[in-house]
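Asks:
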Amino acid sequence: MNKCIELANLAAAKGEVPVGAIIVDSQDQIISESYNLRETGKMATAHAELLAIEQACKKLSRWRLQDCTLYVTLEPCFMCAGAIILARIPRVVFATQDPKAGAVGSLTNILNDDRLNHKCEIVSGICAEESSNILKSFFKNRRKK
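Residue numbers (our numbering): 881 to 1025.
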(Lines of atoms letter the chains of each structure in order from A and count residues from 1; the text may use other names and numbers.)
(Lines give C-alpha, C1' and ligand atoms only; values in the text may rest on other atoms or scores of the structure.)
Protein backbone atom coordinates (compact mmCIF):
# COMPACT_ATOMS: atom_id res chain seq x y z
CA MET A 1 0.00 0.00 0.00
CA ASN A 2 2.98 2.29 0.48
CA LYS A 3 3.58 2.26 -3.27
CA CYS A 4 -0.08 3.19 -3.84
CA ILE A 5 0.27 6.12 -1.45
CA GLU A 6 3.40 7.24 -3.31
CA LEU A 7 1.42 7.11 -6.56
CA ALA A 8 -1.49 9.02 -4.99
CA ASN A 9 0.93 11.78 -4.00
CA LEU A 10 2.22 11.92 -7.59
CA ALA A 11 -1.37 12.30 -8.77
CA ALA A 12 -1.99 15.14 -6.32
CA ALA A 13 1.15 16.93 -7.52
CA LYS A 14 -0.32 16.85 -11.04
CA GLY A 15 -3.67 18.21 -9.87
CA GLU A 16 -5.34 14.81 -10.11
CA VAL A 17 -7.54 13.32 -7.41
CA PRO A 18 -4.92 11.45 -5.36
CA VAL A 19 -5.68 7.79 -5.95
CA GLY A 20 -2.93 5.29 -6.63
CA ALA A 21 -3.20 1.63 -7.63
CA ILE A 22 -0.92 -1.31 -8.24
CA ILE A 23 -1.49 -4.87 -9.36
CA VAL A 24 0.78 -7.62 -8.08
CA ASP A 25 1.15 -11.19 -9.28
CA SER A 26 1.07 -14.35 -7.19
CA GLN A 27 4.70 -13.76 -6.11
CA ASP A 28 3.83 -10.22 -4.92
CA GLN A 29 5.76 -8.65 -7.79
CA ILE A 30 4.32 -5.38 -9.08
CA ILE A 31 3.18 -5.90 -12.66
CA SER A 32 1.41 -2.57 -13.13
CA GLU A 33 0.95 0.74 -11.38
CA SER A 34 -0.99 3.88 -12.03
CA TYR A 35 -2.76 6.85 -10.55
CA ASN A 36 -5.74 8.91 -11.60
CA LEU A 37 -5.26 10.75 -14.89
CA ARG A 38 -8.76 12.04 -15.61
CA GLU A 39 -7.76 15.70 -15.73
CA THR A 40 -4.51 15.11 -17.60
CA GLY A 41 -6.08 12.88 -20.21
CA LYS A 42 -9.51 14.55 -20.23
CA MET A 43 -10.98 11.05 -19.88
CA ALA A 44 -13.75 10.13 -17.45
CA THR A 45 -12.52 6.54 -17.37
CA ALA A 46 -8.88 7.29 -16.48
CA HIS A 47 -9.19 6.00 -12.92
CA ALA A 48 -6.10 4.49 -11.29
CA GLU A 49 -7.66 1.02 -11.12
CA LEU A 50 -8.69 0.91 -14.77
CA LEU A 51 -5.30 2.12 -15.95
CA ALA A 52 -3.53 -0.46 -13.77
CA ILE A 53 -5.82 -3.24 -15.06
CA GLU A 54 -5.16 -2.21 -18.65
CA GLN A 55 -1.40 -2.19 -18.09
CA ALA A 56 -1.49 -5.60 -16.37
CA CYS A 57 -3.50 -7.12 -19.21
CA LYS A 58 -1.03 -5.79 -21.78
CA LYS A 59 2.00 -6.93 -19.79
CA LEU A 60 0.61 -10.43 -19.25
CA SER A 61 -0.99 -10.62 -22.72
CA ARG A 62 -4.30 -11.77 -21.28
CA TRP A 63 -7.49 -10.29 -19.90
CA ARG A 64 -7.96 -12.74 -17.02
CA LEU A 65 -5.99 -11.56 -14.01
CA GLN A 66 -7.10 -14.48 -11.84
CA ASP A 67 -3.74 -14.78 -10.05
CA CYS A 68 -3.35 -11.08 -9.21
CA THR A 69 -4.20 -8.71 -6.38
CA LEU A 70 -5.23 -5.08 -6.85
CA TYR A 71 -4.15 -2.56 -4.22
CA VAL A 72 -5.69 0.92 -4.28
CA THR A 73 -5.82 3.88 -1.92
CA LEU A 74 -9.57 4.50 -2.29
CA GLU A 75 -12.53 2.14 -2.38
CA PRO A 76 -13.30 1.37 -6.04
CA CYS A 77 -16.28 3.06 -7.68
CA PHE A 78 -18.98 1.25 -9.68
CA MET A 79 -17.02 1.46 -12.93
CA CYS A 80 -13.79 0.17 -11.42
CA ALA A 81 -15.59 -2.57 -9.49
CA GLY A 82 -17.14 -3.72 -12.77
CA ALA A 83 -13.71 -3.84 -14.41
CA ILE A 84 -12.33 -5.82 -11.47
CA ILE A 85 -15.11 -8.39 -11.93
CA LEU A 86 -14.54 -8.57 -15.70
CA ALA A 87 -10.78 -8.99 -15.24
CA ARG A 88 -11.43 -11.82 -12.73
CA ILE A 89 -9.18 -10.26 -10.10
CA PRO A 90 -9.68 -12.44 -7.01
CA ARG A 91 -8.41 -10.08 -4.30
CA VAL A 92 -8.79 -6.34 -3.76
CA VAL A 93 -7.07 -4.40 -0.99
CA PHE A 94 -8.08 -0.78 -0.48
CA ALA A 95 -7.14 1.83 2.06
CA THR A 96 -10.05 4.14 2.74
CA GLN A 97 -13.76 4.04 2.07
CA ASP A 98 -15.55 6.33 -0.36
CA PRO A 99 -18.96 7.08 1.18
CA LYS A 100 -20.12 9.02 -1.90
CA ALA A 101 -19.11 6.65 -4.70
CA GLY A 102 -17.71 3.45 -3.20
CA ALA A 103 -19.06 0.24 -4.69
CA VAL A 104 -17.15 -2.21 -2.49
CA GLY A 105 -18.97 -1.71 0.78
CA SER A 106 -20.03 1.91 1.11
CA LEU A 107 -22.97 2.19 -1.30
CA THR A 108 -23.11 -1.45 -2.40
CA ASN A 109 -20.72 -4.35 -2.77
CA ILE A 110 -20.49 -5.29 -6.41
CA LEU A 111 -17.46 -7.50 -5.79
CA ASN A 112 -19.53 -9.94 -3.73
CA ASP A 113 -22.90 -9.71 -5.44
CA ASP A 114 -24.40 -13.21 -5.62
CA ARG A 115 -25.90 -12.44 -9.03
CA LEU A 116 -22.47 -12.22 -10.65
CA ASN A 117 -20.24 -15.11 -11.67
CA HIS A 118 -17.12 -13.78 -9.94
CA LYS A 119 -16.48 -12.70 -6.35
CA CYS A 120 -13.47 -11.12 -4.69
CA GLU A 121 -11.79 -11.31 -1.37
CA ILE A 122 -11.81 -7.77 0.00
CA VAL A 123 -9.42 -6.29 2.53
CA SER A 124 -9.97 -2.69 3.61
CA GLY A 125 -8.49 -0.23 6.04
CA ILE A 126 -4.81 -0.75 5.23
CA CYS A 127 -3.21 2.72 5.60
CA ALA A 128 -6.73 4.17 5.73
CA GLU A 129 -5.88 7.23 7.78
CA GLU A 130 -2.93 8.22 5.61
CA SER A 131 -4.91 7.76 2.39
CA SER A 132 -7.88 9.66 3.80
CA ASN A 133 -5.64 12.54 4.90
CA ILE A 134 -4.12 12.81 1.41
CA LEU A 135 -7.60 13.07 -0.12
CA LYS A 136 -8.86 15.55 2.50
CA SER A 137 -5.80 17.75 2.08
CA PHE A 138 -6.13 17.67 -1.72
CA PHE A 139 -9.78 18.75 -1.68
CA LYS A 140 -9.19 21.35 1.04
CA ASN A 141 -6.47 22.94 -1.10
CA ARG A 142 -8.65 22.71 -4.20
CA ARG A 143 -11.49 24.56 -2.47
CA LYS A 144 -9.10 27.38 -1.55
CA LYS A 145 -8.34 28.05 -5.23
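Note that CB positions come from ideal geometry on N, CA and C, so glycine has one too.
Given a threshold of 16 other Cβ atoms within 10 Å of its Cβ, counted over all protein chains shown, does Ile910 qualify as buried or as exposed?
Replies: For the purposes of this step, residue 910 is identified with residue 30 of the sequence shown, where counting begins at 1. Its Cβ having fewer than 16 others within 10 Å, Ile910 is exposed.
Asks: Between the segment 981-990 and the segment 1009-1024, do three or more beta carbon pairs fall short of 8 angstroms?
Replies: no
Asks: Which same chain residues end up closer than 6 angstroms to Ser914 when comparing Cβ atoms and leaving out the 5 residues on each side of it in sequence?
Replies: For the purposes of this step, residue 914 is identified with residue 34 of the sequence shown, where counting begins at 1. Ala901, Ala928, Leu931 and Ala932.
Asks: Does the beta-carbon of Gln891 have 16 or more other beta-carbons within 10 angstroms, so that it is buried, or is it exposed?
Replies: On the sequence shown, position 11 is the one that residue 891 refers to. Contrary to the premise, residue 891 reads as Ala rather than Gln in this sequence. So Ala891 counts as buried.
Asks: Which residues share a DSSP beta bridge with Phe974?
Replies: Locating residue 974 in the sequence shown gives position 94, where the first residue counts as 1. Paired residues: Val952 and Ser1004.
Asks: Does the Cβ of Asn1021 have 16 or more other Cβ atoms within 10 Å, making it buried, or fewer, making it exposed?
Replies: Residue 1021 sits at position 141 when you count from the first residue of the sequence shown. Flag for Asn1021 reads exposed.
Asks: Under the rule that 16 or more other beta-carbon atoms within 10 Å means buried, what is Ser906, buried or exposed?
Replies: Taking the first residue of the sequence shown as position 1, residue 906 is located at position 26. Ser906 is exposed by the Cβ-count criterion.
Asks: Counting only the same chain and skipping the five closest in sequence on each side, list residues whose C-beta sits under 7 angstroms from that of Lys939.
Replies: Translated into the one-based positions of the sequence shown, residue 939 becomes position 59. Ile911 and Ser912.
Asks: For the alpha helix (DSSP H) containing Glu886, name the first residue and the last one.
Replies: Within the sequence shown, the letter at position 6 stands for residue 886. Per DSSP, Glu886 belongs to the alpha helix (DSSP H) from Asn882 to Ala893.
Asks: To which residues of the same chain is Phe974 closer than 6 angstroms at the C-beta, ignoring the five residues directly before and after it?
Replies: One-based indexing of the sequence shown puts residue 974 at position 94. So the qualifying residues of the chain are Val952, Glu955 and Ser1004.
Asks: How big is the Cα-Cα spacing for Glu886 and Val972?
Replies: Sequence index remark: in the sequence shown, residue 886 carries index 6 (1-based). Sequence index remark: in the sequence shown, residue 972 carries index 92 (1-based). Going from the Cα of Glu886 to the Cα of Val972 covers about 18 angstroms.
Asks: Can you give me the Cβ contacts of Ala963 inside the same chain, cut-off strictly under 7 angstroms, excluding the 5 residues immediately before and after it?
Replies: If you number the sequence shown from 1, residue 963 lands on position 83. Excluding positions up to five away in sequence, the list reads Glu929, Leu930 and Ile933.
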